[in-house]
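Here is the structure we will look at.
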Amino acid sequence: NLKAKDIEQTQMALGFRIFGRFDKRRYALKLLNVILGENMSSRLFQVVREKHGLAYAIHSGAQLFAETGALVISAGLDRKRHDKALELIAREIHRLKQETVNTQELERAKEYVVGHMRLGLESPSGHMMWVGDHVLNYGSVMAPEAVIAAIQAVQAEDIQKLADTIFRERTASLAWLSPGTAARDGERFKALLAEM
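Residue numbering for the sequence shown is 384 to 579, as defined by this note's numbering.
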């Protein structure tokens, strides 16, 4: 969906259609998302925002439903240099598809996911949310330690294989708000996706 509008920033949301919540690859997906763009240590944040200063904000997030899901990269980009930002986003996606994540980066992602999960379970309300979420979404409650074991079992090759599966032009949808050059820039990004 490409529209031209008089705004200060270029706003972008790039979504990839993925699997549903019952797929066993959801643990690899969680780690892939952390590595790609979930937090300030992620590749997109470090490269696009910190190193090159091309984004006001950049983030990725995954949402899983019963039979389908989406992994979405959203960003507020410098309107004068968003073409470079697009190239860097495409490059980081390409890297995940072509290279295995190194051991240190994978371990940091696992520590982040497990630590965040344990922190959320420290309070009674957090524990109730865990139980409620599992009963409503999965029909039964999975023990936290079983989830942690599944996360720890993910290998770098699992993440690379998953990235190669989901980051495809045919599964991508792009929403783009840009000050006057939406069609040109949107088409350029589609071309970058096609090259991955």
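Ideal Cβ placement from N, Cα and C applies to all residues, glycine included.
| field | D461 to S425 span [Cα, whole Å] | value | Counted from its first residue, the sequence shown places residue 461 at position 78. Counted from its first residue, the sequence shown places residue 425 at position 42. Roughly 19 angstroms separates the two Cα atoms.
| task | Please check the pair L414 and V537, which I expect to be a contact at CB under 8 angstroms, by giving their CB distance rounded to whole angstroms. | result | In the sequence shown, counting from the first residue as 1, residue 414 sits at position 31. In the sequence shown, counting from the first residue as 1, residue 537 sits at position 154. Going by Cβ atoms, the distance from L414 to V537 rounds to 6 angstroms, so yes, they are a contact pair.
| Local conformation of R400 per DSSP, three classes | Along the sequence shown, read from residue 1 onward, the residue named residue 400 stands at position 17. Reduced to three states, the DSSP call for R400 is strand.
| What is the rounded straight-line gap between the Cα of L437 and the Cα of E475? | Looking up residue 437 in the sequence shown gives position 54. Looking up residue 475 in the sequence shown gives position 92. Approximately 14 angstroms, taken between the alpha carbons.
| Which of helix, strand or coil DSSP assigns to D406 | In the sequence shown, counting from the first residue as 1, residue 406 sits at position 23. D406 falls in the coil class under three-state DSSP.
| said: Once the 5 residues before and after A440 are set aside, which same chain residues still bring their CB inside 7 angstroms of it? | reply: Position 57 of the sequence shown, counted from the first residue, corresponds to residue 440. Excluding positions up to five away in sequence, the list reads A458 and G459.
| field | Limits of the unbroken beta strand (DSSP E) element including V430 | value | Counted from its first residue, the sequence shown places residue 430 at position 47. No residue range can be given for V430, since it is assigned to no beta strand (DSSP E) and is classified by DSSP as neither H nor E.
| request: In angstroms with no decimal places, state the Cα-to-Cα distance between L397 and A453. | output: As a working mapping, residue 397 is identified with position 14 in the sequence shown. As a working mapping, residue 453 is identified with position 70 in the sequence shown. C-alpha separation (whole angstroms): 10 angstroms.
| said: Any contact between the region 552–562 and the region 419–435? By contact I mean 3 or more CB pairs, one from each, below 8 angstroms. | reply: With the cut-off at 8 angstroms, the region 552–562 and the region 419–435 do not touch.
| request: Look at the Cβ atom of R404, then the Cβ atom of N485, and state whether they are nearer than 8 angstroms. | output: Indexing the sequence shown from 1 puts residue 404 at position 21. Indexing the sequence shown from 1 puts residue 485 at position 102. No, Cβ-Cβ distance for R404 and N485 is not below 8 angstroms.
| field | For S443: DSSP bridge partner residues | value | Indexing the sequence shown from 1 puts residue 443 at position 60. Per the DSSP secondary-structure output, S443 pairs in a beta bridge with I456.
| query | Do you know offhand how far T483's Cα is from F550's? | reply | For the purposes of this step, residue 483 is taken as residue 100 along the sequence shown, with counting starting at 1. For the purposes of this step, residue 550 is taken as residue 167 along the sequence shown, with counting starting at 1. For the pair T483 and F550, the Cα-to-Cα distance works out to about 15 angstroms.
| request: Please go through the region 443–513 and give each complete alpha helix (DSSP H) segment of 4 or more residues, from N-terminal end onward. | output: Runs found: 465–481 and 486–503.
| request: Under the assumption that G583 contacts G503 (Cβ atoms under 8 angstroms), give the Cβ distance between them as a whole number of angstroms. | output: For the chain, the structure presents residues 384 to 579; residue 583 sits outside this window and is missing.
| field | With 16 other Cβ atoms within 10 Å as the buried cut-off, status of V524 | value | By one-based count along the sequence shown, residue 524 stands at place 141. Exposed is the call here.
| query | Rounded to whole angstroms, how far is the Cβ of T554 from the Cβ of R400, which I believe are closer than 8 angstroms? | reply | Working through the sequence shown from its first residue, we reach residue 554 at position 171. Working through the sequence shown from its first residue, we reach residue 400 at position 17. Your pair T554 and R400 checks out as a contact, with CB atoms roughly 4 angstroms apart and the cut at 8 angstroms.
| request: Please report the residue range of the beta strand (DSSP E) in which L557 lies. | output: Residue mapping note: residue 557 aligns to position 174 of the sequence shown, counting from 1. A555 to S561 is the span of the beta strand (DSSP E), which, as asked, contains L557.
| query | Per DSSP, T393 is paired with what? | reply | Position 10 of the sequence shown, counted from the start, is the residue given in the question as residue 393. In the DSSP assignment, T393 forms a beta bridge with L460.
| field | Span of the alpha helix (DSSP H) around V530 | value | The residue labelled residue 530 in the question sits at position 147 within the sequence shown. Per DSSP, the unbroken alpha helix (DSSP H) holding V530 starts and ends at P527 to Q535.
| Proximity to L471 [Cα-Cα], best of K434, E528 and W513 | Looking up residue 471 in the sequence shown gives position 88. Checked all of K434, E528 and W513; the closest Cα to L471 is K434.
| said: On the criterion of 16 or more Cβ atoms from any shown chain inside 10 Å, does S556 qualify as buried, or is it exposed? | reply: Residue 556 sits at position 173 when you count from the first residue of the sequence shown. By the neighbour-count rule (16 or more Cβ atoms within 10 Å), S556 is not buried but exposed.
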